[in-house]
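Residue numbers (the numbering used here): -18 to 97.
Every residue, glycine too, gets a C-beta built ideally from N, C-alpha and C.
Remember, predicted model here, so these are calculated numbers, not experimental data.
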């Protein structure tokens, strides 16, 4: 973080401040925000992670609505691992599972609990 400019650090702190508002109110629900902050992800990276989760969640939701077989987690895990690695962070299946577990606590991703 010390290699970032002052402006980048201020933007990061502002982003974390927004996340902390939710996290302070309900830490159990917003535990994914804790992951984002602890991994020092910036706003764009946090949004990329959420986008991967949203895309796969849509597929899960459609399958449930049509009463079809649930999509497997392999593509979701692969996408999560790839996006985390693109941030220069180490990633494994354990990382993907941890993200999925945290995401399942968010109201907008509650159906992910079916995979756990």
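Asked, Found
"When you compare each of 65, 89, 78 to residue 17 by their alpha carbons, which one comes out closest?", "65"
"Taking buried to mean at least 16 other C-beta atoms within 10 Å of its own C-beta, is residue -9 buried or exposed?", "exposed"
"When the Cα atoms are used, what is the spatial distance from residue 102 to residue 88?", "Residue 102 lies beyond the residue range present for the chain, which begins at -18 and ends at 97; the question has no answer from this structure."
"I believe residue 38 touches residue 92 by the beta-carbon criterion, under 8 Å. Please report the beta-carbon distance rounded to the nearest angstrom.", "7 Å"
"For residue 77 and residue 58, which I take to be in contact (beta-carbon distance under 8 Å), what is that distance rounded to the nearest angstrom?", "4 Å"
"Considering only residues of the same chain and omitting the five flanking positions on each side of residue 20, which have a CB-CB separation below 7 Å?", "70"
"Rounded C-beta distance between residue 0 and residue 14? I'm assuming under 8 Å.", "4 Å"
"Helix, strand or coil, according to DSSP, for residue 38 in the structure here?", "helix"
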